[in-house]
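Below is one structure; the comments refer to it alone.
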Amino acid sequence: MRIATINNNGKQTLAVRKGDSYVDLSKAAPDLPNDMTALLEAGALDKAKQAAQAAGDDAMIAAADVSYLPVVTNPPKLLCCGLNYRDHAIETGADIPDYPIIFMRVPTTMAAHNAPMILPKAASDYDYEAELAVIIGKGGRHIAKADALSHVAGYSCFNDGSIRSYQFKAPQWTMGKNFDASGGFGPDMVTPDELPKSVDNLRIQCRLNGETMQDSNTGQHIFDVETVIETLTEAMTLCPGDVIIMGTPPGVGAARTPNVWMKDGDVCEIEIEGIGILSNPIVAE
2 MRIATINNNG
12 KQTLAVRKGD
22 SYVDLSKAAP
32 DLPNDMTALL
42 EAGALDKAKQ
52 AAQAAGDDAM
62 IAAADVSYLP
72 VVTNPPKLLC
82 CGLNYRDHAI
92 ETGADIPDYP
102 IIFMRVPTTM
112 AAHNAPMILP
122 KAASDYDYEA
132 ELAVIIGKGG
142 RHIAKADALS
152 HVAGYSCFND
162 GSIRSYQFKA
172 PQWTMGKNFD
182 ASGGFGPDMV
192 TPDELPKSVD
202 NLRIQCRLNG
212 ETMQDSNTGQ
222 HIFDVETVIE
232 TLTEAMTLCP
242 GDVIIMGTPP
252 GVGAARTPNV
262 WMKDGDVCEI
272 EIEGIGILSN
282 PIVAE
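The working numbering numbers the first residue of the sequence shown as 2 and each following residue consecutively.
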(Lines of atoms letter the chains of each structure in order from A and count residues from 1; the text may use other names and numbers.)
(Lines give C-alpha, C1' and ligand atoms only; values in the text may rest on other atoms or scores of the structure.)
Protein backbone atom coordinates (compact mmCIF):
# COMPACT_ATOMS: atom_id res chain seq x y z
CA MET A 1 0.00 0.00 0.00
CA ARG A 2 1.04 3.57 -0.73
CA ILE A 3 -0.46 6.04 1.68
CA ALA A 4 0.00 9.81 1.86
CA THR A 5 -1.01 12.65 4.13
CA ILE A 6 -2.75 15.32 2.09
CA ASN A 7 -4.63 18.59 2.38
CA ASN A 8 -8.08 18.18 0.86
CA ASN A 9 -10.09 21.40 0.80
CA GLY A 10 -8.28 22.75 3.84
CA LYS A 11 -8.52 19.57 5.90
CA GLN A 12 -5.76 17.09 6.66
CA THR A 13 -6.60 13.54 5.68
CA LEU A 14 -4.92 10.30 4.75
CA ALA A 15 -5.15 9.01 1.20
CA VAL A 16 -4.29 5.64 -0.33
CA ARG A 17 -2.87 5.47 -3.84
CA LYS A 18 -5.07 3.57 -6.29
CA GLY A 19 -3.82 3.66 -9.88
CA ASP A 20 -3.64 7.27 -11.04
CA SER A 21 -5.74 8.47 -8.12
CA TYR A 22 -5.89 8.55 -4.35
CA VAL A 23 -8.69 7.33 -2.12
CA ASP A 24 -9.58 9.97 0.48
CA LEU A 25 -9.92 7.93 3.66
CA SER A 26 -11.98 10.64 5.35
CA LYS A 27 -14.70 9.66 2.88
CA ALA A 28 -13.96 5.96 2.44
CA ALA A 29 -13.44 5.27 6.16
CA PRO A 30 -14.50 8.28 8.27
CA ASP A 31 -13.99 6.30 11.48
CA LEU A 32 -10.23 6.03 10.86
CA PRO A 33 -7.77 8.68 12.10
CA ASN A 34 -6.78 11.43 9.66
CA ASP A 35 -3.22 11.51 11.00
CA MET A 36 -0.48 9.01 10.14
CA THR A 37 0.88 8.71 13.67
CA ALA A 38 -2.60 8.11 15.06
CA LEU A 39 -3.33 5.53 12.34
CA LEU A 40 -0.13 3.66 13.21
CA GLU A 41 -0.82 3.89 16.94
CA ALA A 42 -4.22 2.33 16.27
CA GLY A 43 -2.65 -0.47 14.23
CA ALA A 44 -5.11 0.36 11.47
CA LEU A 45 -3.06 0.07 8.27
CA ASP A 46 -4.95 -3.04 7.20
CA LYS A 47 -8.28 -1.29 7.76
CA ALA A 48 -7.08 1.60 5.62
CA LYS A 49 -6.10 -0.79 2.84
CA GLN A 50 -9.45 -2.59 2.96
CA ALA A 51 -11.35 0.70 2.91
CA ALA A 52 -9.39 1.90 -0.10
CA GLN A 53 -10.08 -1.31 -2.00
CA ALA A 54 -13.82 -0.96 -1.37
CA ALA A 55 -14.04 2.79 -2.02
CA GLY A 56 -16.38 4.28 -4.57
CA ASP A 57 -15.74 7.04 -7.09
CA ASP A 58 -16.92 9.72 -4.63
CA ALA A 59 -13.79 9.13 -2.53
CA MET A 60 -11.32 9.41 -5.42
CA ILE A 61 -8.94 12.31 -6.06
CA ALA A 62 -6.76 12.48 -9.16
CA ALA A 63 -3.10 12.27 -8.15
CA ALA A 64 -2.37 15.40 -10.18
CA ASP A 65 -4.82 17.34 -7.99
CA VAL A 66 -3.42 16.21 -4.64
CA SER A 67 -1.90 18.77 -2.28
CA TYR A 68 0.60 16.81 -0.21
CA LEU A 69 1.63 17.25 3.40
CA PRO A 70 4.71 15.61 4.94
CA VAL A 71 4.08 11.87 5.15
CA VAL A 72 4.09 12.06 8.96
CA THR A 73 3.11 15.60 9.87
CA ASN A 74 4.16 15.59 13.52
CA PRO A 75 6.44 12.62 14.17
CA PRO A 76 7.33 11.96 17.82
CA LYS A 77 10.98 11.77 16.75
CA LEU A 78 12.96 12.50 13.58
CA LEU A 79 16.21 10.56 13.99
CA CYS A 80 18.96 10.91 11.40
CA CYS A 81 21.97 8.71 10.74
CA GLY A 82 25.03 10.63 9.55
CA LEU A 83 27.93 9.45 7.37
CA ASN A 84 26.19 6.13 6.75
CA TYR A 85 27.66 5.50 3.28
CA ARG A 86 31.35 4.65 3.21
CA ASP A 87 32.07 6.65 0.03
CA HIS A 88 30.25 9.69 1.44
CA ALA A 89 32.35 9.57 4.60
CA ILE A 90 35.48 9.35 2.45
CA GLU A 91 34.45 12.28 0.22
CA THR A 92 33.96 14.48 3.29
CA GLY A 93 37.33 13.52 4.77
CA ALA A 94 35.70 11.90 7.79
CA ASP A 95 36.69 8.65 9.46
CA ILE A 96 34.52 5.63 8.67
CA PRO A 97 32.20 5.37 11.69
CA ASP A 98 32.23 2.19 13.75
CA TYR A 99 29.00 3.17 15.54
CA PRO A 100 25.97 4.96 14.04
CA ILE A 101 26.21 8.76 14.20
CA ILE A 102 22.78 9.96 15.30
CA PHE A 103 21.39 13.50 15.25
CA MET A 104 17.85 14.87 15.31
CA ARG A 105 15.63 17.07 13.21
CA VAL A 106 12.47 18.81 14.38
CA PRO A 107 9.10 18.67 12.58
CA THR A 108 9.21 22.32 11.43
CA THR A 109 12.12 21.40 9.13
CA MET A 110 9.90 19.22 6.92
CA ALA A 111 8.58 20.21 3.49
CA ALA A 112 6.01 18.09 1.67
CA HIS A 113 6.32 16.71 -1.86
CA ASN A 114 5.97 19.58 -4.37
CA ALA A 115 6.21 22.17 -1.56
CA PRO A 116 9.10 24.65 -1.49
CA MET A 117 12.28 23.83 0.35
CA ILE A 118 13.42 27.16 1.71
CA LEU A 119 16.84 28.67 1.02
CA PRO A 120 17.34 30.77 4.17
CA LYS A 121 18.48 34.38 4.36
CA ALA A 122 21.29 33.35 6.68
CA ALA A 123 23.44 31.42 4.18
CA SER A 124 23.79 30.29 0.57
CA ASP A 125 25.49 26.89 1.02
CA TYR A 126 22.29 24.83 0.87
CA ASP A 127 23.14 21.21 0.03
CA TYR A 128 21.00 18.26 -1.06
CA GLU A 129 21.09 14.78 0.50
CA ALA A 130 19.10 11.84 -0.90
CA GLU A 131 18.02 9.58 1.96
CA LEU A 132 15.76 6.65 2.76
CA ALA A 133 13.17 7.42 5.44
CA VAL A 134 12.02 4.56 7.68
CA ILE A 135 8.66 5.00 9.42
CA ILE A 136 8.07 3.06 12.61
CA GLY A 137 4.73 1.29 12.93
CA LYS A 138 5.19 -0.69 16.13
CA GLY A 139 7.05 0.81 19.04
CA GLY A 140 9.51 -0.88 21.33
CA ARG A 141 12.69 -0.79 23.37
CA HIS A 142 15.67 -3.16 23.15
CA ILE A 143 14.56 -4.38 19.72
CA ALA A 144 16.76 -7.19 18.42
CA LYS A 145 18.17 -6.85 14.92
CA ALA A 146 16.34 -10.03 13.87
CA ASP A 147 13.00 -8.44 14.84
CA ALA A 148 13.68 -4.89 13.70
CA LEU A 149 11.90 -4.92 10.34
CA SER A 150 8.69 -6.14 11.96
CA HIS A 151 8.54 -2.72 13.67
CA VAL A 152 8.63 -0.84 10.35
CA ALA A 153 5.36 0.42 8.85
CA GLY A 154 6.89 1.65 5.63
CA TYR A 155 9.42 3.74 3.76
CA SER A 156 9.58 7.09 2.02
CA CYS A 157 12.02 9.54 0.43
CA PHE A 158 13.75 12.31 2.35
CA ASN A 159 15.95 15.18 1.21
CA ASP A 160 18.08 16.03 4.24
CA GLY A 161 18.72 19.59 3.06
CA SER A 162 21.70 20.98 4.96
CA ILE A 163 23.12 24.47 5.48
CA ARG A 164 26.76 23.47 5.55
CA SER A 165 28.23 26.61 7.15
CA TYR A 166 25.82 26.26 10.07
CA GLN A 167 26.28 22.49 10.25
CA PHE A 168 29.96 22.94 11.04
CA LYS A 169 29.86 26.06 13.24
CA ALA A 170 29.97 23.67 16.21
CA PRO A 171 31.02 20.04 16.76
CA GLN A 172 27.41 18.85 16.56
CA TRP A 173 25.25 19.43 13.49
CA THR A 174 21.89 20.56 14.89
CA MET A 175 21.75 24.12 13.55
CA GLY A 176 22.67 23.24 9.98
CA LYS A 177 20.08 20.47 9.86
CA ASN A 178 17.14 22.35 11.37
CA PHE A 179 16.33 25.38 9.26
CA ASP A 180 12.59 25.72 8.67
CA ALA A 181 11.25 23.80 5.65
CA SER A 182 14.75 22.65 4.71
CA GLY A 183 14.04 18.91 4.35
CA GLY A 184 11.70 17.35 1.79
CA PHE A 185 9.66 14.32 2.90
CA GLY A 186 7.34 12.27 0.69
CA PRO A 187 5.38 11.72 -1.38
CA ASP A 188 3.98 8.49 0.12
CA MET A 189 4.70 5.92 2.78
CA VAL A 190 5.19 2.63 0.96
CA THR A 191 4.58 -0.54 2.95
CA PRO A 192 7.31 -3.21 2.79
CA ASP A 193 5.23 -5.63 0.71
CA GLU A 194 5.25 -3.08 -2.16
CA LEU A 195 9.03 -3.04 -2.52
CA PRO A 196 10.48 -4.85 -5.55
CA LYS A 197 13.26 -6.30 -3.39
CA SER A 198 14.90 -5.91 0.01
CA VAL A 199 15.05 -2.43 1.52
CA ASP A 200 18.79 -3.05 1.68
CA ASN A 201 19.06 -3.23 -2.13
CA LEU A 202 17.29 -0.20 -3.63
CA ARG A 203 18.72 2.30 -6.09
CA ILE A 204 18.75 5.82 -4.63
CA GLN A 205 19.31 9.00 -6.65
CA CYS A 206 19.31 12.77 -6.38
CA ARG A 207 18.74 15.02 -9.39
CA LEU A 208 19.21 18.79 -9.36
CA ASN A 209 17.49 20.50 -12.29
CA GLY A 210 17.44 17.13 -14.05
CA GLU A 211 21.16 16.43 -13.61
CA THR A 212 22.04 13.32 -11.60
CA MET A 213 24.12 14.32 -8.57
CA GLN A 214 23.90 11.13 -6.49
CA ASP A 215 23.37 7.56 -7.71
CA SER A 216 23.91 4.68 -5.31
CA ASN A 217 22.16 1.78 -3.60
CA THR A 218 20.86 1.36 -0.07
CA GLY A 219 22.97 -1.79 0.09
CA GLN A 220 25.89 0.60 0.57
CA HIS A 221 24.67 1.67 4.01
CA ILE A 222 27.41 1.07 6.58
CA PHE A 223 24.68 0.36 9.13
CA ASP A 224 21.54 -1.21 7.68
CA VAL A 225 18.00 -0.45 8.84
CA GLU A 226 17.96 -3.37 11.25
CA THR A 227 21.22 -2.34 12.90
CA VAL A 228 20.15 1.29 13.29
CA ILE A 229 16.86 0.27 14.92
CA GLU A 230 18.64 -2.12 17.28
CA THR A 231 21.18 0.56 18.18
CA LEU A 232 18.65 3.34 18.76
CA THR A 233 16.59 1.18 21.07
CA GLU A 234 19.59 0.54 23.30
CA ALA A 235 18.88 4.09 24.48
CA MET A 236 15.31 5.02 23.67
CA THR A 237 11.84 3.71 23.03
CA LEU A 238 10.76 3.96 19.41
CA CYS A 239 7.14 4.98 18.93
CA PRO A 240 4.64 4.64 16.09
CA GLY A 241 5.20 7.55 13.74
CA ASP A 242 8.89 7.96 14.52
CA VAL A 243 10.97 8.56 11.40
CA ILE A 244 14.54 7.32 10.93
CA ILE A 245 16.49 8.98 8.11
CA MET A 246 19.23 6.66 6.94
CA GLY A 247 22.04 8.83 5.59
CA THR A 248 23.14 9.99 2.16
CA PRO A 249 25.38 8.50 -0.56
CA PRO A 250 28.36 10.24 -2.18
CA GLY A 251 27.95 13.15 -4.56
CA VAL A 252 26.86 15.94 -2.21
CA GLY A 253 27.47 19.49 -3.33
CA ALA A 254 29.93 20.22 -0.55
CA ALA A 255 32.29 17.53 -1.86
CA ARG A 256 32.32 18.86 -5.43
CA THR A 257 34.83 21.25 -7.00
CA PRO A 258 33.48 23.82 -7.38
CA ASN A 259 30.80 23.36 -4.73
CA VAL A 260 27.24 22.90 -5.96
CA TRP A 261 24.51 24.48 -3.85
CA MET A 262 20.75 24.52 -4.30
CA LYS A 263 19.63 27.97 -5.46
CA ASP A 264 16.39 29.89 -5.73
CA GLY A 265 14.48 28.52 -8.72
CA ASP A 266 16.13 25.09 -8.70
CA VAL A 267 14.17 21.83 -8.52
CA CYS A 268 15.58 18.92 -6.53
CA GLU A 269 14.33 15.35 -6.92
CA ILE A 270 15.02 12.32 -4.76
CA GLU A 271 14.15 8.95 -6.28
CA ILE A 272 14.29 5.60 -4.52
CA GLU A 273 13.57 2.42 -6.44
CA GLY A 274 10.11 1.07 -5.66
CA ILE A 275 9.27 3.98 -3.37
CA GLY A 276 8.84 6.96 -5.66
CA ILE A 277 10.07 10.44 -6.53
CA LEU A 278 10.13 13.35 -4.10
CA SER A 279 10.28 16.71 -5.87
CA ASN A 280 10.76 20.14 -4.32
CA PRO A 281 11.31 23.59 -5.81
CA ILE A 282 13.93 25.67 -4.03
CA VAL A 283 12.60 29.07 -2.97
CA ALA A 284 14.54 31.87 -1.28
CA GLU A 285 13.24 33.03 2.08
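Using N, Cα and C, we set each Cβ at its ideal position, and we do this for glycine too. For clarity, every value in this text was computed on a predicted model and none was experimentally measured.
Is DSSP giving residue i helix, strand or coil here?
| i | result |
| --- | --- |
| H152 | helix |
| R257 | coil |
| P71 | coil |
| P193 | helix |
| H1 | Past the boundaries of the shown model lies residue 1; the chain is included only from 2 to 286, so the question cannot be answered. |
| Q173 | coil |
| T110 | helix |
| D25 | strand |
| E235 | helix |
Do residue j and residue i have their beta-carbon atoms positioned less than 8 Å apart in this structure?
| i | j | result |
| --- | --- | --- |
| F104 | Q54 | no |
| K139 | S151 | yes |
| T234 | R142 | yes |
| A149 | I230 | yes |
| D265 | V253 | no |
| C81 | P101 | no |
| I205 | L133 | yes |
| P121 | P282 | no |
| R87 | Q221 | yes |
For residue i, which residues in the same chain have their Cβ closer than 6 Å to its Cβ, ignoring the five residues on either side in sequence?
| i | result |
| --- | --- |
| R3 | R18, D189 and V191 |
| G155 | I136, M190, V191 and T192 |
| C240 | P77 and G140 |
| E92 | P251 and A256 |
| V67 | I7 and Y23 |
Would you mind giving the Cβ-Cβ distance between residue i and residue j, rounded to the nearest angstrom? I have them listed as a contact below 8 Å.
| i | j | result |
| --- | --- | --- |
| P250 | A131 | 7 Å |
| G275 | L196 | 5 Å |
| L41 | G242 | 5 Å |
| D1 | A60 | Missing from the structure shown is residue 1; the chain here goes from 2 to 286 and no further. |
| Y129 | I164 | Between I164 and Y129 the Cβ distance is about 12 Å, and since that is not below 8 Å, they are no contact. |
Does any residue of chain D bring its CB to less than 8 Å from the CB of residue i?
| i | result |
| --- | --- |
| E274 | Looking at the structure shown, chain D is missing, and only one protein chain is on hand. |
When the Cβ atoms of the stretch 165-185 are set against those of the stretch 33-49, are three or more pairs found closer than 8 Å?
-> Verdict: no, contact absent.
Would the stretch 259-278 and the stretch 231-247 be scored as touching if the rule is three or more Cβ pairs under 8 Å?
-> no
State whether the stretch 10-17 contacts the stretch 28-36, with contact taken as three or more CB pairs (one from each stretch) at a distance under 8 Å.
-> yes
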